[in-house]
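Residue numbers (the numbering used here): 456 to 730.
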């Protein structure tokens, strides 16, 4: 007989999570040095990227080392829409996530036919092709010159006017985004979708024999992962206010994303946070 987990066991993680978010929200009140807040923003970015990769690599077992493609797409979409079309960056983030999802469907259709080290190499190759394309397509991406953001408009939210002029504002925005990604990842992990991902990770052939559509669920996992990674890319571009192909699409971006999960623990919610 399978027993459901005790009520306290399911409530405790939520309580600890809310306590951690509350503590991080209060933290800036006791900090005056911008550098500390800067490190906090970079921490939240690492958490977002780690959780994003964890969906496809940790749960679905597809070790992509080409996530710089989605990071760069999110960064360039948000930046170009703001700088060239004056589209507010919060809409640019959503557009970047949508573009990354579409790109992931194309990449997945090509690379998911491969397994193991062949899939890893294919993911690296695709990201590198996109980096070189962005570097040499100067009429569209400005090439190595990159984009330098001049200003970020004020966000009007429920009567509040939020100005992105200080690191404190980016700190809170990063905290909200990181917390949202963790919540969504937790929901995916505990859903039927998450169980399908884990079944594919453990044994693809066995999962297929049980009626799980490998191509479909791999594509869904990659789409979720790409959307989160693009959100991190767009947020990063708004924070540093400058991007070029080597910064946004570089192989080091993909490696750093993977290392966050490897160091902290693959296939767990807490792993990317610790990593």
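Note that the Cβ used here is the ideal one computed from N, Cα and C, for glycine as well.
Beta-carbon gap between residue i and residue j smaller than 9 Å
i           : j           : result
residue 689 : residue 544 : yes
residue 685 : residue 548 : yes
residue 454 : residue 693 : Nothing about residue 454 can be reported from this structure: the residues present for the chain run from 456 to 730 only.
residue 629 : residue 495 : yes
residue 521 : residue 709 : yes
residue 476 : residue 683 : no
residue 746 : residue 559 : Shown here, the chain extends from 456 to 730; a query on residue 746 therefore has no answer.
residue 515 : residue 626 : no
residue 704 : residue 533 : no
residue 499 : residue 714 : no
residue 531 : residue 551 : yes
residue 578 : residue 519 : yes
residue 581 : residue 670 : no
residue 676 : residue 652 : yes
Residue i, buried or exposed, once every other Cβ within 10 Å from all chains shown has been counted against 16
i           : result
residue 502 : buried
residue 712 : buried
residue 586 : buried
residue 600 : exposed
residue 485 : exposed
residue 622 : buried
residue 656 : buried
residue 637 : buried
residue 727 : buried
Per DSSP, the bridge partner or partners of residue i
i           : result
residue 558 : Looking at the DSSP assignment, residue 558 forms no beta bridge with any residue, so it has no partner.
residue 697 : 603
Nearest-angstrom beta carbon gap, residue j and residue i [assumed within contact, 8 Å]
i           : j           : result
residue 722 : residue 513 : 4 Å
residue 546 : residue 716 : About 30 Å separates the two Cβ atoms, so there is no contact after all.
> For the 8 Å Cβ check, are there 3 or more pairs between the region 697-714 and the region 588-600?
Replying inline: Verdict: yes, contact present.
> Does the count of Cβ pairs from the region 660-667 and the region 556-566 closer than 8 Å reach three?
Replying inline: As far as the Cβ criterion goes, the region 660-667 does not touch the region 556-566, which means the pair count is below three.
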